[in-house]
Structure formats: structure tokens, C-alpha cells
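Engineer: To convert, note that position 266 of the sequence shown is 266 in the numbering used here; the numbers rise steadily by one, no gaps.
Using N, Cα and C, we set each Cβ at its ideal position, and we do this for glycine too.
Just passing along the structure, written as C-alpha cells.
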Amino acid sequence: MKRREFLLGSSTLALTAMSMRTSQAMTDEFVSYDGMGQAALVRTGQVSSLELVEAAIRRIEKINPILNAVVHKLYDKGRAAAQAPLPDGPFQGVPYLIKDLSELDGAPLTFGSKLFQNNIANMDNGSVERAKQAGLVIIGKTNTPEFGFISTTESQLLGAARNPYNTAHHTGGSSGGAAAAVAAGLVPFAHASDGGGSIRIPASVNGLVGLKPSRGRLFIKQPTPGDVDIVVRLAVSRSVRDTAQILNASENKGSDAPLPPTGFVDGPSKKRLKIAFSTRTVTGTEPAPDVAAATRKAAALCADLGHDVDTLTQDIVGPEFLFHFLNIWAAGAHLVVENARLIGLMQGRWVGPQKMLEPWTLGLADMFEKNRAKDPDVMKKAVAYSAQVEAAYTAFFEDYDVLLTPVLSRPPLLIGTQDSAKSFDELYDSVLDYVPYTPQYNVAGNPAISLPLFTSTEGLPIGSQFAAPTGEDATLLHLAYELEQAAPWNARWPAISAYYL
1 MKRREFLLGS STLALTAMSM RTSQAMTDEF VSYDGMGQAA LVRTGQVSSL ELVEAAIRRI
61 EKINPILNAV VHKLYDKGRA AAQAPLPDGP FQGVPYLIKD LSELDGAPLT FGSKLFQNNI
121 ANMDNGSVER AKQAGLVIIG KTNTPEFGFI STTESQLLGA ARNPYNTAHH TGGSSGGAAA
181 AVAAGLVPFA HASDGGGSIR IPASVNGLVG LKPSRGRLFI KQPTPGDVDI VVRLAVSRSV
241 RDTAQILNAS ENKGSDAPLP PTGFVDGPSK KRLKIAFSTR TVTGTEPAPD VAAATRKAAA
301 LCADLGHDVD TLTQDIVGPE FLFHFLNIWA AGAHLVVENA RLIGLMQGRW VGPQKMLEPW
361 TLGLADMFEK NRAKDPDVMK KAVAYSAQVE AAYTAFFEDY DVLLTPVLSR PPLLIGTQDS
421 AKSFDELYDS VLDYVPYTPQ YNVAGNPAIS LPLFTSTEGL PIGSQFAAPT GEDATLLHLA
481 YELEQAAPWN ARWPAISAYY L
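Written out as C-alpha cells, the structure is:
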């Protein structure tokens, strides 16, 4: 059996893409297939891992100069891993990219910052360990904004990542390089992390699936007392089944797991859901017309599929949410600035944070310091408020299975709108206006997923965000499979992609 015949028989993603192919011929026979399809090739001996790795390297070399998605090339490491015995995981032999906020032993770890531009990691972090255990072959690291603190990927150190649907537009943040790489077909899915929307935002902007799992779903270090656990690490992908399998490979199934394991969710459910939808932001404003229209169409699609869909008439949290969340967010930037001072002292030289860090990072840290000077208990109050947010969403989900909202307030921004060289004051209103829908679930701990159901009038992706009760990640995956079948996105490729170039 020929490779392509095998894949057409084994991958519904490939079948959809091949049946809708344009007259332009693909130059890469693997590009239409998701990670599970590629792993099936390796598992059955139809292709070697090295062949998949070399194909991915060729794509990166051809397309990355346009997109700036991959910032550290680890080809030799990838080739060596592909030729060595690989763990018998669900993605054995599939090429993979790691976000440059995570440690990969022996590889650069810059956090997108001049402060760490020469830094080399000396360990693998937990998400990298589990990626390797799943059989993935790491061939590079992806672009990210400085410390992942902003909703675009345009750092002064690494430069702007560009959207493969229109390179004048950004890729979102902070997993912007990962999302651009996957949208362009450089790899079938890529490592991502989310502390306020950083999986879902780039997924929305680049037309991908982006799941933020429930708090406690993954192997994580428990937060210290007086802290709020808002960060999770997973991936962005082109197919629901890849995301489902990544979650299965990443979740904590041990006796210490705070949530029952989800396992591999392999398709839609017959259960009909009670879904609420809203386009209102936490400040009571409405999104851009294209975004509002996409959300209403997503609600109508769910209703057409037999789900019980209601318009949400009451806010779950109010505008005070932003103040408390920003203090949690800014506390991280404050810690970075303090570390920058220590690094300068330890190196026996004094280069102040003002020269090593970007205005947005410095501004966040300064905002936190000022707020703490006004109220020494500002963090204690933010933590207490976070518990109230969690309780509010828990109460809401006693009446509903799913909440549908936009991911962002407007379609993908032009590069430069949130440029890292701009002052904190210039960026502040733009960032808060753009990202009013995602951080709530980091604070509350609920799972939330962005699905690429619709596009703007200019043809740019607009994600729809679905959230569920904590622990109900499977509910979102079941619904995502159903929507993927009802409104397929698998054949939608950007002009700057390995499908066409």
C-alpha cells in the first residue's frame, strides 16, 4: 500500500483536505495530515521518523524566513532523536516545536528577552519531558513575547512573528510563534502555554484549535500559599483529535491527581448541552461587528445541532476583575525586574532593568509597585477575589454545561499595534480592550477552548471560545469534534503555508 493511500484510509483530516484541494499541487505529501496521521505512518512502517523530521525541516527553511515563527533551530538534535529508539507513545516520531518560555536541556531559553539572550537551559521542564515520553521529536523553539506578558509576539529580541493568513497582521501571544508554525503546516501541532489566554488567543488569530485545560488537569507544581495558579501548558493544533490525544498524554493520571482522568476523547457525544452565549466584555462593552457576528453564528450552529442555546443576560464577573487580574499578572513582571537587578549584580556589572527589559514589562512592574504602595494587601486581596471568581463560575455552571464567548474583541491586529517598543501607557488601553474574554478562566480554573469556526470579512480567522465546568475538559472536546464535523476547517490553509509553497 502506498503512503498516501494509507493515510487517506487512516486520517479523516487528510480525506477532507484532499477532497477540497485546489488546482495548486502540494509539494509535501505529509503536510495535510495531523499528528496522529503522521504517527500512524511511523507505527506501521510506512515512513521513518527521520523522513518526517527532514520534511518538517525543509518546510521551516522555506517558509520560516517569511513568518519568523521558529527562532531556535535544533535540527541536529531532532535528527539524532529520530534515529534513536523512541518511546512507544501516541505521537512516536512526529516532529514538534517547543515555545521559548520552556526549558529544553541544552537549548536556548531566552523568554523572548534581552535579559536572557545568551541563556542555555540545563534541564527539561515537565511539559517537555511528557512530550518526549509521547514520542515527539523536538526540532526547534518558537517565538514568544518577552516573558509571555502580552497578547502579541513582537519582542525586541526575537522580532515579530507574522500571520500566515496575512503577514501584515500579528500572530497573537504569547504562543504566537507556535501558532504561526502550525497554521503554516511546518509541524502538525506545537507546544504552547496559557496564563491569560496565550493558547486560545494565538489559536483564534491563526485559525487553530487551542485548549486551556482545567486547573489541576496536568502535572504542575502546586502554587505557594498566597499565590494563584493560572498557567497551564499544552499545545495548538489543526485537529481536535490531536488536541485530545495531547491532553491524554499530558494529564496527571496518578493517585495524586485532583481530577478524574479525561483519557482519550475520540469523538462527539450524543448528549445535548445547555449552552449560554454572550458577547459582552467584563466592562460591558461589545466587540467589533465581525467578532459579534462570528459568535452569534457559532451559537446558531450549536442550536442547529440540537443544543439548547440561551443568551446570557447577566454578567458573571464585573469590571473589578481586570484590576485584580492585572495585579496578579503584574506581580510576575515585578519579580522579573527584581531578578534582573540580581542578575546584573551577580555578573559583576550593573546594567539596569531599563536597558534589559521592554517598556511593557517595566510598566507592569511599576504598576504593581505603585498599587502595593497604596495598599500593602493588594496581592492578598487579589487572591481572595480570585476565589470569588472561581465560586461565581462554579455557580454559573450549575445551570449550564457550556459558555460561548468571543476569544478577542476584534479580528487579528496589524503588526505594530502592540509593538514592544511602545510605552506602557500607549499599550495599556489597547491590550485591555483586545483581551477581555480569556483571563477569567485562568483565574477560575475552568477549561476553555478556541475553535476556528469563522473568519472576518477580510478572511482572517476569528475563534469562538467555549468554556465548561472545571474537570469537564471532555465536554469541550466532544463539542469540538461535533463542530469540526459540522463546519470543517481542516481544508482551510493560509496562502503562506506548506500546502501551497
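Tell me whether the region 196–215 and the region 460–480 touch, counting them as touching only if at least three CB pairs, one residue from each stretch, are closer than 8 Å.
Structural biologist: Yes, they touch.
Engineer: Could you have a look at residue 460 and say whether DSSP puts it in helix, strand or coil?
Structural biologist: In this structure, residue 460 counts as coil in the three-state DSSP scheme.
Engineer: Is DSSP giving residue 381 helix, strand or coil here?
Structural biologist: Helix at residue 381.
Engineer: Answer yes or no: do residue 150 and residue 175 have a C-beta to C-beta separation smaller than 7 Å?
Structural biologist: No, the Cβ-Cβ distance between residue 150 and residue 175 is not below 7 Å.
Engineer: Are the Cβ atoms of residue 56 and residue 95 separated by less than 7 Å?
Structural biologist: Yes, the pair counts as a contact, with Cβ atoms nearer than the cut-off.
Engineer: For residue 423, count neighbouring C-beta atoms within 10 Å of its own C-beta (all shown protein chains included) and say buried if the count is 16 or more, exposed if not.
Structural biologist: When all chains shown are included, residue 423 counts as exposed.
Engineer: Can you list, in chain order, the residues of its chain with a C-beta nearer than 6 Å to that of residue 60? Leave out the 5 residues immediately preceding and following it.
Structural biologist: 70, 186.
Engineer: Leaving out five residues before and five after residue 382 in sequence, what residues of the same chain have Cβ atoms less than 6 Å from its Cβ?
Structural biologist: Correct list, in chain order: 324, 327, 328.
Engineer: Do you know offhand how far residue 496's Cα is from residue 161's?
Structural biologist: Rounded to the nearest angstrom, the two C-alpha atoms are 13 Å apart.
Engineer: Please report the straight-line C-alpha distance between residue 435 and residue 405, rounded to a whole angstrom.
Structural biologist: Going by the C-alpha atoms only, they are around 12 Å apart.
Engineer: Please classify residue 375 as buried or exposed, where buried requires at least 16 other C-beta atoms within 10 Å of its C-beta.
Structural biologist: Answer is exposed; the Cβ neighbour count stays below 16.
Engineer: Taking residue 334 as the reference, give the member of 365, 343, 188 with the closest Cα.
Structural biologist: Nearest option by C-alpha distance: 365.
Engineer: Is the beta carbon of residue 154 sitting closer than 7 Å to the one on residue 113?
Structural biologist: No, the pair does not count as a contact, with Cβ atoms beyond the cut-off.
Engineer: So, at 8 Å on beta carbons, what are the nonlocal neighbours of residue 379 in its own chain, with the 5 sequence-adjacent residues on each side left out?
Structural biologist: 226, 327, 328, 331, 372, listed in sequence order.
Engineer: Please state if the CB of residue 232 and the CB of residue 247 are separated by a distance shorter than 7 Å.
Structural biologist: Taking 7 Å as the Cβ cut-off, residue 247 and residue 232 do not qualify as a contacting pair.
Engineer: Take residue 303 and list the residues in its own chain whose beta-carbon comes closer than 6 Å to its own, dropping the five residues that flank it on each side.
Structural biologist: Once the five neighbours on either side are set aside, the close Cβ partners of residue 303 are 309.
Engineer: Where does residue 286 fall in DSSP's three states?
Structural biologist: If DSSP states are grouped into helix, strand and coil, residue 286 belongs with coil.
Engineer: Give me, in chain order, the residues of the same chain whose beta-carbon lies closer than 8 Å to that of residue 319; leave out the 5 immediate sequence neighbours on both sides.
Structural biologist: So the list reads 282, 283, 284, once near-sequence residues are dropped.
Engineer: Using the Cβ count rule (16 or more neighbours within 10 Å means buried), how would you classify residue 188?
Structural biologist: By the neighbour-count rule (16 or more Cβ atoms within 10 Å), residue 188 is buried.
Engineer: Starting from residue 96 and walking both ways along the beta strand (DSSP E), at which residues does that stretch end?
Structural biologist: Unbroken beta strand (DSSP E) run through residue 96: 95–99.
Engineer: At the level of alpha carbons, what is the spacing between residue 73 and residue 263?
Structural biologist: If I take the Cα positions, the gap works out to 33 Å.
Engineer: If you reduce the DSSP assignment to three classes, tell me which class residue 137 lands in.
Structural biologist: If DSSP states are grouped into helix, strand and coil, residue 137 belongs with the strands.
Engineer: Suppose only complete runs of 4+ residues qualify. What are the alpha helix (DSSP H) ranges in the region 249–333, listed by chain order?
Structural biologist: Taking only runs of at least 4 residues, the alpha helix (DSSP H) segments lying wholly in the region 249–333 are 289–304.
Engineer: Please list, in chain order, all residues of the same chain as residue 441 whose beta carbon is under 7 Å from its beta carbon, the five residues on each side excluded.
Structural biologist: Excluding sequence neighbours, residue 441 sits near 212, 448, 467.
Engineer: List, from N- to C-terminal side, the beta strand (DSSP E) runs of 3 residues or more that fit wholly inside the region 460–484.
Structural biologist: Listed in chain order, they are 461–467.
Engineer: Should residue 450 and residue 237 be called a contact, given that it needs their Cβ atoms to be closer than 7 Å?
Structural biologist: No, the Cβ-Cβ distance between residue 450 and residue 237 is not below 7 Å.
Engineer: Quick one: is residue 499 buried, meaning 16 or more other Cβ sit within 10 Å of its Cβ, or exposed?
Structural biologist: Buried, because 16 or more other Cβ atoms sit within 10 Å of the Cβ of residue 499.
Engineer: Excluding the five sequence neighbours on either side, which residues of its own chain have a C-beta within less than 6 Å of the C-beta of residue 64, listed in chain order?
Structural biologist: For residue 64, where only same-chain residues beyond five positions count, the Cβ hits under 6 Å are 70.
Engineer: If distances are taken between C-alpha atoms only, which option among 206, 32, 92, 45 comes closest to residue 67?
Structural biologist: Per the Cα distances, 206.
Engineer: In the DSSP output, what is residue 72 paired with across the bridge?
Structural biologist: DSSP, once it has assigned bridges, lists 141 as partnering residue 72.
Engineer: Using only CA atoms, which one of 242, 125, 90, 115 lies nearest to residue 106?
Structural biologist: Checking every option, the nearest Cα to that of residue 106 belongs to 125.
Engineer: Starting from residue 430, follow the alpha helix (DSSP H) in both directions and report where the run begins and ends.
Structural biologist: 424–434 is the span of the alpha helix (DSSP H), which, as asked, contains residue 430.
Engineer: Can you tell me where the beta strand (DSSP E) holding residue 451 begins and where it ends?
Structural biologist: Taken as a continuous stretch (DSSP letters only), the beta strand (DSSP E) holding residue 451 covers 448–455.
Engineer: Among all the DSSP beta bridges, which residues are the ones paired with residue 233?
Structural biologist: Residue 233 is bridged to 193.
Engineer: Taking all protein chains shown into account, decide if residue 120 is buried (16 or more other Cβ within 10 angstroms of its Cβ) or exposed.
Structural biologist: Residue 120 is exposed by the Cβ-count criterion.
Engineer: Look at the alpha carbon of residue 393 and the alpha carbon of residue 427, and state the distance between them as a whole number of angstroms.
Structural biologist: C-alpha separation (whole angstroms): 29 Å.
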